[in-house]
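A.B. asks: My structure is below; once you've seen it, I'll send some questions.
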Amino acid sequence: MLPVAPRATPLRIAQELSTRDSRVAHVISLVGEPPSRRPLAVAKRFERLATAILHQQLAGAAAATITTRVIDALGGAMTTESLLAAPPGVMRACGVSGAKEAALLDLATRVTEGRLRIGQLGRMSDSDVIDVLTEVRGIGPWTAQMFLMGPLARENVWPVGDLGVRNGWSIIQRKRSTITPELLERKGATFEPFRSALAWYCWQAVDLARGNGGVLPPP
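The opening position of the sequence shown corresponds to residue 1 in the numbering used here, with each subsequent residue numbered one higher.
Encoded structure:
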């Protein structure tokens, strides 16, 4: 089980990261403190995980549209019961691929049978959460890491396979080419235990550089 530790404030996280790298400090000076992280209520975590499956490989608008269709088709809520009771063809009619439908049904079945206990994930280590979630069909390390960073509000997740994080780091460090996941993994060690916030700053760097010639604006 994961020991309960005091949660750092956004101000403290920003200050800590700023002292460890001057170029990261530049981004922090532009966007301010990272968002406050609070765990999502247990009752809402299944739907968030199911939604993450629906959103895989889809742009924001398309993902939101399909998710709304699915929730409406399931009677207003995406639960284990509503997914397992859905008549054949309902998910396809909403625009859900066969692979994603199979993944959703596998998730719902595992939760119903007790093989995946959503309520216990918050008490597990990051690595154990990833191990458990990636046993579900259609859930890979990236989806598990996003669940850690979002619903579980973990502070030290470092998704080096995320292209946005890799691009953002390279922009922050003024590199011509995008850093590899292997090298980024090593670079991230300097910023423990606040790498979730660092990943957020990398995403912000991508947004800041867009429309500014691919570089960060001055402080």
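A virtual CB, placed ideally from N, CA and C, is assigned to each residue, including glycine.
#1: Closer than 7 Å by C-beta to Ala153: which residues in its own chain qualify, once you throw out the five before and the five after it? Chain order, please.
#2: Tell me the rounded alpha-carbon separation between Val132 and Phe46.
#3: So for Val136, helix, strand or coil by DSSP?
#4: Would you call the CB atoms of Val90 and Ile66 closer than 8 Å?
#5: So which of Pro159, Ile179, Asn156 and Ile139 has the shortest CA-CA distance to Asn167?
#6: Helix, strand or coil for Lys44 per DSSP?
#7: Of all Cβ atoms in chain B, is any one closer than 8 Å to the Cβ of Gly168?
#8: Does the beta-carbon distance from Ala59 to Leu83 come in below 8 Å?
#9: CB-CB under 7 Å to Leu148, same chain, minus the five flanking residues each way: which ones, in chain order?
#10: Where do the N-terminal and C-terminal ends of the alpha helix (DSSP H) with Phe147 fall, by residue?
#11: Which residue wins for smallest C-alpha separation from Lys175, given the options Glu192, Ala205 and Ala189?
#12: What residue from Pro217, Val215 and Ala197 has the CA that sits closest to Ile13's CA?
#13: In angstroms, rounded to a whole number, what distance separates the CA positions of Leu216 and Ala25?
#14: Do Cys202 and Gly150 come within 8 Å of each other at the CB atom, strictly closer than that value?
#15: Closer than 8 Å by C-beta to Thr19: which residues in its own chain qualify, once you throw out the five before and the five after it? Chain order, please.
#16: Report the residue from Gln56, Ala93 and Gln57 whose alpha carbon sits nearest the alpha carbon of Ile71.
#17: Identify whether Leu74 lies in helix, strand or coil by the three-state DSSP scheme.
#18: Work out the CA separation of Trp200 and Pro35 for me, nearest whole Å.
#19: Met91 lies in the alpha helix (DSSP H); which residues open and close that run?
#20: Decide if Thr190 is buried, meaning its Cβ has at least 16 other Cβ atoms within 10 Å, or exposed.
#21: Please state whether the Cβ-Cβ distance between Ala64 and Phe194 is less than 8 Å.
#22: First and last residue of the alpha helix (DSSP H) that includes Arg20?
C.D. replies: Short version:
#1: If you number the sequence shown from 1, residue 153 lands on position 153. Excluding positions up to five away in sequence, the list reads Arg37, Arg38 and Pro39.
#2: In the sequence shown, the residue the question calls residue 132 occupies position 132. In the sequence shown, the residue the question calls residue 46 occupies position 46. Going by the C-alpha atoms only, they are around 14 Å apart.
#3: Position 136 of the sequence shown, counted from the first residue, corresponds to residue 136. Coil.
#4: On the sequence shown, residue 90 is found 90 positions in, with the first residue counted as 1. On the sequence shown, residue 66 is found 66 positions in, with the first residue counted as 1. No, Cβ-Cβ distance for Val90 and Ile66 is not below 8 Å.
#5: Here the question's residue 167 lines up with position 167 in the sequence shown. Looking at the Cα atoms, Ile179 is the closest of the given residues.
#6: In the sequence shown, counting from the first residue as 1, residue 44 sits at position 44. Helix at Lys44.
#7: Of the protein chains in the structure, only one exists, and it is not chain B.
#8: To locate residue 59, count along the sequence shown from 1; it is residue 59. To locate residue 83, count along the sequence shown from 1; it is residue 83. Between Ala59 and Leu83, the CB-CB gap reaches or exceeds 8 Å.
#9: Position 148 of the sequence shown, counted from the first residue, corresponds to residue 148. Apart from the 5 residues on each side of it in sequence, Leu148 sits with its Cβ closer than 7 Å to the Cβ of Asp126, Val129, Arg154 and Val157 in its chain, given in chain order.
#10: Position 147 of the sequence shown, counting from 1, holds the residue named residue 147. According to the DSSP assignment, Phe147 belongs to the alpha helix (DSSP H) that extends over Pro141 to Met149.
#11: Here residue 175 refers to the residue found at position 175 of the sequence shown. The residue with the shortest Cα to Cα distance from Lys175 is Ala205.
#12: By 1-based counting over the sequence shown, the position of residue 13 is 13. With distances taken between Cα atoms, Ile13 lies closest to Ala197.
#13: Residue numbering aside, residue 216 sits at position 216 when the sequence shown is read from its first letter. Residue numbering aside, residue 25 sits at position 25 when the sequence shown is read from its first letter. Going by the C-alpha atoms only, they are around 12 Å apart.
#14: Within the sequence shown, the letter at position 150 stands for residue 150. Within the sequence shown, the letter at position 202 stands for residue 202. The answer is no: Cβ separation not under 8 Å.
#15: Here residue 19 corresponds to residue number 19 of the sequence shown, with the count starting at 1. Short of 8 Å from the beta carbon of Thr19, and not among the five residues preceding or following it, lie these beta carbons of its own chain, in chain order: Ala25.
#16: Here residue 71 is taken as the residue at index 71 of the sequence shown, counted from 1. Nearest of Gln56, Ala93 and Gln57 to Ile71, Cα basis: Ala93.
#17: Taking the first residue of the sequence shown as position 1, residue 74 is located at position 74. Coil, per DSSP.
#18: Reading the sequence shown from its first residue, position 35 is the one you call residue 35. Reading the sequence shown from its first residue, position 200 is the one you call residue 200. Distance between the alpha carbons of Pro35 and Trp200 is about 9 Å.
#19: For the purposes of this step, residue 91 is identified with residue 91 of the sequence shown, where counting begins at 1. Where Met91 is concerned, the enclosing alpha helix (DSSP H) starts and stops at Val90 to Ala93.
#20: Position 190 of the sequence shown, counted from the start, is the residue given in the question as residue 190. Thr190 is exposed by the Cβ-count criterion.
#21: For the purposes of this step, residue 64 is identified with residue 64 of the sequence shown, where counting begins at 1. For the purposes of this step, residue 194 is identified with residue 194 of the sequence shown, where counting begins at 1. For the pair Ala64 and Phe194, the CB atoms are not nearer than the 8 Å cut-off.
#22: Here residue 20 refers to the residue found at position 20 of the sequence shown. Run containing Arg20: Pro10 to Arg20, per the alpha helix (DSSP H) assignment.
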